[in-house]
Amino acid sequence: MALPQLLHSPSSSSLTLKHCLNPHFLDPSPRSLSLNPSLLRRHHRRQRNPNFLRCSASSGGSPKSDDVVELPLFPLPLVLFPGAILPLQIFEFRYRMMMHTLLHTDLRFGVIYSDSDTGTADVGCVGEVVKHERLVDDRFFLICKGQERFRVTNLVRTKPYLVAEVAWLEDRPTGDGTEDLEALSSEVENYMKDVIRLSNRLNGKPEKEVQDLRRNLFPTPFSFFVGSTFEGAPREQQALLELEDTAMRLKREKETLRNTLNYLTAASAVKDVFPSS
1 MALPQLLHSP SSSSLTLKHC LNPHFLDPSP RSLSLNPSLL RRHHRRQRNP NFLRCSASSG
61 GSPKSDDVVE LPLFPLPLVL FPGAILPLQI FEFRYRMMMH TLLHTDLRFG VIYSDSDTGT
121 ADVGCVGEVV KHERLVDDRF FLICKGQERF RVTNLVRTKP YLVAEVAWLE DRPTGDGTED
181 LEALSSEVEN YMKDVIRLSN RLNGKPEKEV QDLRRNLFPT PFSFFVGSTF EGAPREQQAL
241 LELEDTAMRL KREKETLRNT LNYLTAASAV KDVFPSS
């Protein structure tokens, strides 16, 4: 089974197919990541940049003091979801320093999305180091797992790496209680199966029966799993991560998958008419 990698279409909210992923949340090989210096310079211009770590009334009010903790932050050009696996290779000096500290504390840090166009988001996900290897040149190979979501409430320091006060985020109960989350989850799963089937067909792979994708996940963790498969569309993933309503997240994912399925259906029809194209 392969989950499709999807790209955000700049002209609409739909996603278009790029190529296929392996069946895991992320490729198991470690990612070599070195932050763009231009992104890091944004941290030191934060007083002049209103988009940096956008903490405002939109955060839903001031959190209680006992709900706020300090967390080291790792800005990356990707989005981590609760439950997802993230392989990393750490070789920048500041983040090697961070790792030395984490290995003697609780092995948890905040992964937060950042790019040169939108700046640094204020909602991220805790990455817990579940496996690590330290090399002779002081680099680290890490396997991290997504845990709680958080919202940045205050930037504590920027050197040698970012540390912020954060408040935990949890999905709120659906407004009037009439949303059938199980039915929504089933619809999303069916769209995913159809997308995988057509994606495999377009890539010349056997159209095998797609097995259970939910794997007994409740609707909220399943919605995070679905979002993690939208690799290649980090801004869409960030929007999904920030939602605090499981039904809204599932509905947005259903719409995205439906648009993707329409695109794949059209591409498949063209391939049938023009097999050599």
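Its first residue numbered 1, the sequence shown is counted upward by one per residue in UniProt numbering. Backbone N, C-alpha and C fix where the C-beta goes; we use that ideal spot for every residue, glycine too. This one's a predicted model, so the numbers in the text were calculated from it and none came from an experiment.
In this structure, the CA atom of Glu148 is about 25 Å from the CA atom of Ala183. In this structure, Val210 lies away from Leu257, with their beta-carbon atoms at least 9 Å apart.
Residues Leu213 and Arg214 of the same chain have their beta carbon placed closer than 6 Å to that of Glu189, with the five preceding and five following residues left out of the count. The DSSP-derived three-state label of Asp212 is coil.
For Val226, there is no enclosing beta strand (DSSP E); the enclosing alpha helix (DSSP H) covers residues Pro219 to Ser228. The alpha carbon of Leu107 has as its nearest neighbour, out of Cys144, Phe222 and Leu76, the alpha carbon of Cys144. Contact between the region 260 to 267 and the region 233 to 247 is not established, with fewer than three Cβ pairs separated by less than 8 Å. Tyr113 is a Cβ neighbour of Val79, given a cutoff of 9 Å. With contact defined as three or more Cβ pairs closer than 8 Å, the region 79 to 88 and the region 123 to 137 are in contact.
Straight-line measurement puts the Cα of Val163 at about 15 Å from the Cα of His100. Around Gln237, the same chain offers Val79, Gly227 and Phe230 as residues with beta carbons nearer than 7 Å, after the five sequence neighbours per side are excluded. Your pair Met97 and Pro160 checks out as a contact, with CB atoms roughly 5 Å apart and the cut at 8 Å. In this structure, Gly110 lies near Phe150, with their beta-carbon atoms less than 9 Å apart. Linking Pro77 to Tyr95 through their CA atoms gives a straight-line distance of about 15 Å. For His100, the enclosing alpha helix (DSSP H) covers residues Phe93 to Leu102. Non-local beta-carbon contacts of Pro75 in its own chain, meaning distances under 6 Å to residues more than five positions away in sequence, involve Ile112, Ser114 and Thr120 in chain order. In this structure, DSSP gives Lys205 a state outside helix and strand, which the three-state scheme calls coil. DSSP places Glu236 in the uninterrupted alpha helix (DSSP H) bounded by Pro234 to Glu242. Look at Tyr263 here: in three-state DSSP terms it is helix. The residue among Leu73, Lys131, Phe81 and Glu70 with its C-alpha nearest the C-alpha of Glu170 is Phe81. Separation of the CB atoms of Val166 and Val68 is rounded to 7 Å, and the pair is thereby assigned contact status at 8 Å. Around the beta-carbon of Asp122, 16 or more other beta-carbon atoms lie within 10 Å, marking it buried.
Rounded to whole angstroms, the gap between the alpha carbons of Thr153 and Leu181 is 30 Å.
Here the alpha carbon of Phe222 sits roughly 12 Å from the alpha carbon of Lys254. Following the DSSP letters along the chain, one finds Phe141 inside the beta strand (DSSP E) bounded by residues Phe140 to Arg157. Looking at the backbone, the Cα of Arg139 and that of Leu71 are separated by about 22 Å.
Rounded to the nearest angstrom, the gap between the Cα atoms of Thr105 and Leu261 is 45 Å.
DSSP, reduced to helix, strand and coil, places Val188 within a helical segment of the structure shown.
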